[in-house]
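Before any comments, here is the structure.
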Amino acid sequence: MALMITDECINCDVCEPECPNDAIYMGAEIYEIDPRKCTECVGHFDEPQCVQICPVACIPVSPDHIETRETLWQKFERLTSAKAAEAPRAGDAPVAPTALG
Ligand code: SF4
Ligand code: SF4
Numbered sequence: 000m001a002l003m004i005t006d007e008c009i010n011c012d013v014c015e016p017e018c019p020n021d022a023i024y025m026g027a028e029i030y031e032i033d034p035r036k037c038t039e040c041v042g043h044f045d046e047p048q049c050v051q052i053c054p055v056a057c058i059p060v061s062p063d064h065i066e067t068r069e070t071l072w073q074k075f076e077r078l079t080s081a082k083a084a085e086a087p088r089a090g091d092a093p094v095a096p097t098a099l100g
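Mind the numbering: the sequence shown is residues 0 to 100 in numbering that gives the first Met the number 0, read in order.
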């Protein structure tokens, strides 16, 4: 299930950097979660990291995005392969100069 942020959010900024899927972003007034990217942390952690860290407990499951664990795994795999495709190839990495004796 994707999670959502309710209007009790106090914009404390702590959840955004914790999301392994970059699903949390600043919306018009409060932080929001992109349901296409939220896997409820499946594939990364045992517990949703944003829920763990939120000081006002304003991140429930979104009733509009009920998903099975299997679906969340598929989403995780899709996001991971998309990320891998974006990553620079090993040959593109800058090469450290070799020390000459
Ligand atoms: S549950 Fe995990 S993946 Fe979903 S928004 Fe929170 S930190 Fe990100
Ligand atoms: S941790 Fe909770 S209160 Fe803080 S920005 Fe995220 S959703 Fe809002």
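We put the beta carbon where it would ideally sit given N, CA and C, even for glycine.
Here the structure is a predicted model, which means the values were calculated and not measured.
Straight-line gap, residue i to residue j (C-alpha atoms, nearest Å)
i, j, result
"H64", "K74", "13 Å"
"R77", "I58", "24 Å"
"D6", "D45", "26 Å"
"V13", "C53", "7 Å"
"M3", "E28", "14 Å"
"E15", "P62", "21 Å"
"T70", "A56", "25 Å"
Exposure of residue i, with buried meaning 16 or more beta-carbon neighbours within 10 Å
i, result
"Q51", "exposed"
"T113", "Because the chain spans 0 through 100 in this model, residue 113 falls outside it and cannot be assessed."
"E85", "exposed"
"A22", "buried"
Residue i versus the options, residue with shortest Cα-Cα distance
i, options, result
"E17", "C8, M3 and P47", "P47"
"G26", "R35, K82, W72 and N10", "N10"
"K82", "C8, N20, D12 and E15", "N20"
"R68", "I4, V41 and C49", "V41"
Three-state secondary structure (DSSP) of residue i
i, result
"V50", "helix"
"E31", "strand"
Heavy atom of ligand 3 within 7 Å of residue i beta-carbon
i, result
"D6", "You won't find ligand 3 in this model; what it holds is ligand 1 and ligand 2."
beta-carbon residue i near ligand 1 non-hydrogen atom, thresh 7 Å
i, result
"C53", "no"
Any non-hydrogen atom of ligand 2 closer than 7 Å to residue i Cβ
i, result
"C101", "The requested residue 101 is not part of the displayed model; the chain covers only 0 to 100."
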